[in-house]
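K.L.:
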Amino acid sequence: MPQIIDLTNKTFEKEVLKSKIPVLVDFWASWCSSCKMLELVLNELASELKNKLKIVKFDAGDPKSQKLVKKYQIQSIPNLQLFKNGKVVKELIGLKSKETLKKELSFILNNI
0 MPQIIDLTNK
10 TFEKEVLKSK
20 IPVLVDFWAS
30 WCSSCKMLEL
40 VLNELASELK
50 NKLKIVKFDA
60 GDPKSQKLVK
70 KYQIQSIPNL
80 QLFKNGKVVK
90 ELIGLKSKET
100 LKKELSFILN
110 NI
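Going by numbering that gives the first Met the number 0, 66 is the number at position 67 of the sequence shown; the sequence numbering is gapless.
What follows is the structure in structure tokens.
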């Protein structure tokens, strides 16, 4: 099973903004129970879409993360932002099923 990459402020640019494939960023926090449930779904999705989509997670609850949290206007978590060519092209807020996520992401995944 492909591992979801844990991002830091230092790795965000390389892993997300400069990625050659679309990247789904999971903005989460350790205290968020919905985030923990979503992680199970994202692990399954990462396995299924391993060559089409990179899935990463960024701890929005970490005080060191606030600059990026503000930049991407994260006001509610879980918050998923889909990046393509370094730009946000889709945002999904809240807990979603794997089927819902695949449907929501299909427009970008089918155009790769």
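Cβ coordinates follow ideal geometry from the N, Cα and C atoms, glycine included.
Can you tell me whether I4 is helix, strand or coil according to DSSP?
P.N.:
Note: I4 maps to strand in three-state DSSP.
K.L.:
Look at the alpha carbon of L39 and the alpha carbon of V68, and state the distance between them as a whole number of angstroms.
P.N.:
Between L39 and V68, the C-alpha separation is close to 23 Å.
K.L.:
For F106, which option in K89, L6, K19, K35 has the closest C-alpha, if you only look at C-alpha atoms?
P.N.:
Checking every option, the nearest Cα to that of F106 belongs to K89.
K.L.:
In angstroms, rounded to a whole number, what distance separates the CA positions of E103 and L91?
P.N.:
One C-alpha to the other measures close to 8 Å.
K.L.:
Could you check what DSSP says for I76 in three-state terms: helix, strand or coil?
P.N.:
Looking at I76 - three-state DSSP - the assignment turns out to be coil, as it is neither helix nor strand.
K.L.:
For V15 and N78, I'd like the C-alpha separation in whole angstroms.
P.N.:
Roughly 15 Å between the two C-alpha positions.
K.L.:
Per DSSP, V87 is paired with what?
P.N.:
Paired residues: F82.
K.L.:
CB D5 to CB K56, shorter than 7 Å?
P.N.:
The answer is yes: Cβ separation under 7 Å.
K.L.:
Determine the direct distance from the alpha carbon of Q72 to that of I3, and round the result to whole angstroms.
P.N.:
Whole-angstrom Cα-Cα distance: 22 Å.
K.L.:
Assuming K86 and N8 make a contact with CB atoms under 8 Å, what is their CB distance in whole Å?
P.N.:
Not quite, the Cβ-Cβ distance comes to about 19 Å (not below 8 Å), so this is no contact.
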